[in-house]
Amino acid sequence: MAYPDLRAWIAELERHGELARVRREVDWNLEIGAITRRICETQGPAPLFETVKGYPGCRILGAPVAMSKKHRYGRLALSLGLPVDSSFREIFEFYLARRKNRIAPIEVSAGSCQENVILGADDVDLFKLPAPYIHDGDGGRYLGTWHVVISRNLRGDWTNYGMYRLMIHDRRHLGINLGLLQHLYLQYQEYAEQNRPMEFAAAIGVEPVTALIGATSVGEGVNEAEVIGGVRGEPLEVVRCKTVDLCVPATAEIVIEGTIDPRERKDEGPFGEYVGYRAGGKNPRPVLKVQAITHRNNPILPMCALGTPIDDVHTLHSVLEAAEVFEELRDSKGFPVECVYPVPEAAGHLWAVSTDVPDKTYPRRLAMALWAMKGGRYADYLVLVNKDVDVTDLRELLWAMATRAHPVRDLWPVEHLYSTLLVPWLTPEERKTGDGAHVLIDATWPADWPKDWIPEVSSFKTMWPEEVQRKVLQNWREDGLGNP
273 MAYPDLRAWI
283 AELERHGELA
293 RVRREVDWNL
303 EIGAITRRIC
313 ETQGPAPLFE
323 TVKGYPGCRI
333 LGAPVAMSKK
343 HRYGRLALSL
353 GLPVDSSFRE
363 IFEFYLARRK
373 NRIAPIEVSA
383 GSCQENVILG
393 ADDVDLFKLP
403 APYIHDGDGG
413 RYLGTWHVVI
423 SRNLRGDWTN
433 YGMYRLMIHD
443 RRHLGINLGL
453 LQHLYLQYQE
463 YAEQNRPMEF
473 AAAIGVEPVT
483 ALIGATSVGE
493 GVNEAEVIGG
503 VRGEPLEVVR
513 CKTVDLCVPA
523 TAEIVIEGTI
533 DPRERKDEGP
543 FGEYVGYRAG
553 GKNPRPVLKV
563 QAITHRNNPI
573 LPMCALGTPI
583 DDVHTLHSVL
593 EAAEVFEELR
603 DSKGFPVECV
613 YPVPEAAGHL
623 WAVSTDVPDK
633 TYPRRLAMAL
643 WAMKGGRYAD
653 YLVLVNKDVD
663 VTDLRELLWA
673 MATRAHPVRD
683 LWPVEHLYST
693 LLVPWLTPEE
703 RKTGDGAHVL
713 IDATWPADWP
723 KDWIPEVSSF
733 KTMWPEEVQR
743 KVLQNWREDG
753 LGNP
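Residue numbers for the sequence shown follow my numbering, so the first one is 273 and each next one is one higher.
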C-alpha cells in the first residue's frame with residue numbers, strides 16, 4: 273500500500289499503536305527535542321505534537337521510523353506498506369524486490385504543498401515555520417532533519433533526492449552539512465567549478481518512502497524519484513516549483529525553494545548526531561538562499577533527535593542501506609553473501625556479513641569491495657561470519673566473533689580509507705579529507721581447514737534429533753515453560 277501523503281501514514285501509525293498525540297502546549301525550544309530523544313531511548317511511539325508554542329495550527333512529528341518495544345521494525349515496515357510485525361528479513365527482501373522496478377514520477381498541475389505560497393524578500397521568513405531547537409548546544413534551529421533536498425546536475429540528466437541537515441541562519445538563509453562523497457556535494461562541485469548558483473528545493477513532510485530513499489545510498493547518477501516509485505509500486509506525483517526549475521513531491525507539507533551560491537560560506541553546526549555525539553563541529557559550510565516557501569494548511573514538520581543508538585537513522589540504515597550494499601555485492605560483483613547487517617546498536621559503524629568462503633583470499637577481497645562502495649564507507653568495523661550465523665542476532669554475532677576469529681591473524685586493519693567525517697575518532701586534520709581506517713574481523717572458518725578441525729555447534733537445533741526437538745516444543749507450554 274502506497275500512502276498519498278504524510279497524514280495518511282500518520283493515521284496508519286496511530287491505528288497500530290505506533291503514535292502518541294501530545295495535545296498540551298509544548299515548546300519548540302529544547303522540550304520537543306528532549307521528548308523525542310527520550311522516545312528513542314525508551315523505544316516508545318512516535319510523538320505528534322499538536323500544540324507547538326508560538327505556532328498555532330502547526331504540528332511536529334518526532335521519531336518517525338525509530339524502533340519501538342512493541343514492534344522492532346514496526347514504523348519502518350508501515351512506511352513501506354508492510355504489516356507492522358514484519359521481520360528484518362521480510363522488509364529486506366521486499367525492498368530488494370521493489371527497488372529493481374523503477375517507476376518514473378508523474379508531474380501534476382497542482383499539489384497540496386502549494387496551498388500557501390510565500391514569495392519575495394519581504395515576506396519569506398523561515399522563523400514562521402516551527403523549526404525546533406533540538407539539542408542544547410546545537411548551532412541553531414534545525415528545519416531539516418527528516419526531509420529531502422532536491423537538486424540537479426549541470427547536464428540536467430540526474431535529479432538527486434538526499435537528506436542533509438538544514439540549520440536556519442536567518443529569515444532567508446539555511447546552512448547545510450555536506451559530506452565529501454554525498455551526491456549533492458558532487459553536483460554542487462560542478463556548479464562551483466563554473467561559479468554558478470545551483471537551484472535546490474527542500475521538501476519537508478513527504479510521504480514516508482520518499483524520506484527513506486532520500487536517506488539511503490542509492491547509486492551515483494540514479495534518479496531517486498524513480499526508485500521511490502518502484503518501492504511504492506506506483507509513481508510519485510510531483511509538482512513544479514514556483515521559482516526554480518525543479519519538481520517536488522506534490523503532497524509535501526512544506527517546500528523551501530532557492531539557490532546555493534558556491535562563493536558563500538557561513539558557520540553551520542554543531543549538532544547532536546547519529547554517531548551518539550555532538551558532531552560535525554561549527555565550520556563554514558554552503559549557504560542556501562531562500563526565495564520561496566510553500567506549505568499545506570496546518571503543516572506538519574517531521575523531525576529526528578539524533579544521538580546514541582537506536583534512533584531513526586540507525587533503524588533505516590540497518591535495513592535499506594544494508595540491502596543496497598547486499599545487492600551490489602551479490603548481483604553486481606558476484607560475492608556469495610547471505611546477509612548484510614549494519615548493527616544499529618553500533619550506530620551502523622559495525623557491519624556484519626554472513627557468507628560462503630570459497631578460498632583463503634576471499635575475506636579480504638570482499639572487504640575491499642564493500643569498503644569501496646558509498647554505503648560501505650560506514651563499515652569501519654567489518655565482521656565476516658559463516659552462513660550458519662544469524663547476523664541480526666547480536667548473541668549469535670558476538671559468540672561467532674569471539675570464538676572463530678583469531679585475535680591476531682584474523683584481524684586486518686587498513687589505514688587511509690575514507691571514513692565519514694562525523695566519526696569522533698578522526699583527528700581534526702584527518703577530518704578535513706576523511707582520512708580514516710577500517711578493520712576486517714574474519715570470524716569465518718578458514719577455507720583451507722580440513723573438516724575435522726571445525727567443531728560441531730552445541731545448540732538446541734544441532735545436538736538433538738528433530739523428533740526430540742518437535743516433542744519438546746509441542747509440550748513446552750503444557751509444561752509451564754512459557755513461549756518456546
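Even glycine gets a Cβ: it sits at the ideal position worked out from N, Cα and C.
At least 9 angstroms separates the beta-carbon of A475 from that of I532. In chain order, S489, E593, E596, V597 place their CB closer than 7 angstroms to the CB of G647, counting only its own chain and leaving out the 5 sequence neighbours on each side. Put simply, the stretch 349-358 touches the stretch 281-298. At least three CB pairs are less than 8 angstroms apart. Relative to the Cα of K659, the nearest Cα in the group A376, E610, I332 belongs to E610. Non-local beta-carbon contacts of P571 in its own chain, meaning distances under 7 angstroms to residues more than five positions away in sequence, involve C330, G477, E525, I526 in chain order. Taking every protein chain shown into account, the CB of A719 has fewer than 16 other CB atoms within 10 angstroms, so this residue is exposed.
The beta carbons of I713 and L694 sit no closer together than 9 angstroms. P635 carries a helical assignment under DSSP once its states are collapsed to helix, strand and coil. By the neighbour-count criterion, in which a residue is buried when 16 or more other Cβ atoms sit within 10 angstroms of its Cβ, S604 is exposed.
Taking the Cα positions, N495 is about 8 angstroms away from Y433.
When the five nearest sequence neighbours on each side are left out, the beta carbons in the same chain lying within less than 7 angstroms of the beta carbon of I363 are those of Y345, L348, A349, L352, L354, V591, in order along the chain. Under the DSSP assignment, M735 falls in the alpha helix (DSSP H) whose first and last residues are 732-735. Between the alpha carbons of G502 and E599 lies a distance of about 16 angstroms. Judged by pairs of C-beta atoms under 8 angstroms, the stretch 738-756 does not touch the stretch 666-677, as fewer than three such pairs exist. Comparing alpha-carbon positions, the option among T417, L426, P276, Y436 lying closest to N467 turns out to be L426. Ranking D583, G451, M470 by CA distance to the CA of Y460 puts M470 first. For Q454, no beta strand (DSSP E) encloses it, and the DSSP letter there is neither H nor E.
Remark: C-beta atoms of G447 and K538 approach each other more closely than 9 angstroms. Apart from the 5 residues on each side of it in sequence, A393 sits with its Cβ closer than 7 angstroms to the Cβ of R444 in its chain, given in chain order. Buried is the label assigned to D583, since at least 16 other Cβ atoms lie within 10 Å of its Cβ.
Residue burial is scored here from C-beta neighbours: T566 has at least 16 other C-beta atoms within 10 angstroms and is therefore classed as buried.
Going by C-alpha positions, M645 is about 21 angstroms away from R374. In this structure, H586 places its C-beta atom within 9 angstroms of the C-beta atom of P616. Counting other Cβ atoms within 10 Å of its Cβ, N569 stays below 16 and is therefore classed as exposed. Of W717, F732, V294, the smallest CA-CA separation from W725 is found for W717.
Annotation: the stretch 592-671 contains the following complete segments of the alpha helix (DSSP H) (minimum length 4 residues), in chain order: 594-599, 634-643. In the DSSP assignment, E297 falls within the unbroken beta strand (DSSP E) covering 291-298.
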